[in-house]
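Visitor: Got a structure here, written out as structure tokens. Questions coming.
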Amino acid sequence: MKKQLCYNLINRLFPSIYGNDEVKRGVLLQLFGGVAKTIHEKTSLRGDINVCIVGDPSTAKSRFLKQVADFSPRAVYTFAKASSAAGLTAAVVRDEESFDFVIETVALMLADNGICCIDEFDKMDPGGQVAIHEAM
Numbered sequence: 001m002k003k004q005l006c007y008n009l010i011n012r013l014f015p016s017i018y019g020n021d022e023v024k025r026g027v028l029l030q031l032f033g034g035v036a037k038t039i040h041e042k043t044s045l046r047g048d049i050n051v052c053i054v055g056d057p058s059t060a061k062s063r064f065l066k067q068v069a070d071f072s073p074r075a076v077y078t079f080a081k082a083s084s085a086a087g088l089t090a091a092v093v094r095d096e097e098s099f100d101f102v103i104e105t106v107a108l109m110l111a112d113n114g115i116c117c118i119d120e121f122d123k124m125d126p127g128g129q130v131a132i133h134e135a136m
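The UniProt record's numbering puts the first residue of the sequence shown at 1, with every later residue one more than the last.
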């Protein structure tokens, strides 16, 4: 029964992607999320599940990301090659009307408590990769 439920969910979420069953299961688990726990007095473990899909060209990696971004209500899809570290993590800009400094909403902030899908992560500059790693 449980295997059939997982199979049905995967086929409904990714109907046009053939194979990649392990990736599909991992992304499905990410959508449901984990459980935050506190162990050994005050050591806390996050319930967040981070998924990194690595593979050869034309193996549906971008289609996975776009499908998740379309399905999840708190998901943001962004293309790393066109984004900077500030464009993904946070940016402080001067407001045109009040001339005060404000934090601009960016991909990771928009996906707070959701999923941030970053395509072509390998093409991002190293500073951007470090900023994303620290934010995760």
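Think of the CB as a built atom: it goes at the ideal place given N, C-alpha and C, for glycine as much as any other residue.
(1) Mark Q67 as exposed unless 16 or more other C-beta atoms lie within 10 angstroms of its C-beta, in which case mark it buried.
(2) Can you list, in chain order, the residues of its chain whose CB lies under 8 Å from that of A75, leaving out five sequence neighbours each side?
(3) Give me the Cα-Cα distance between S58 and R12, rounded to the nearest whole angstrom.
(4) How many Å lie between residue 137 and I49 at the Cα?
(5) Where does N8 land, buried or exposed, given buried means 16+ other C-beta within 10 angstroms?
(6) Looking at R63 and I10, is the spacing between their C-beta atoms short of 8 Å?
Guide: A quick look at the data gives this:
(1) buried
(2) V68, A69, A111, G114, I115, C116, C117
(3) 21 Å
(4) There is no way to answer for residue 137, as the model of the chain reaches only from 1 to 136.
(5) exposed
(6) no
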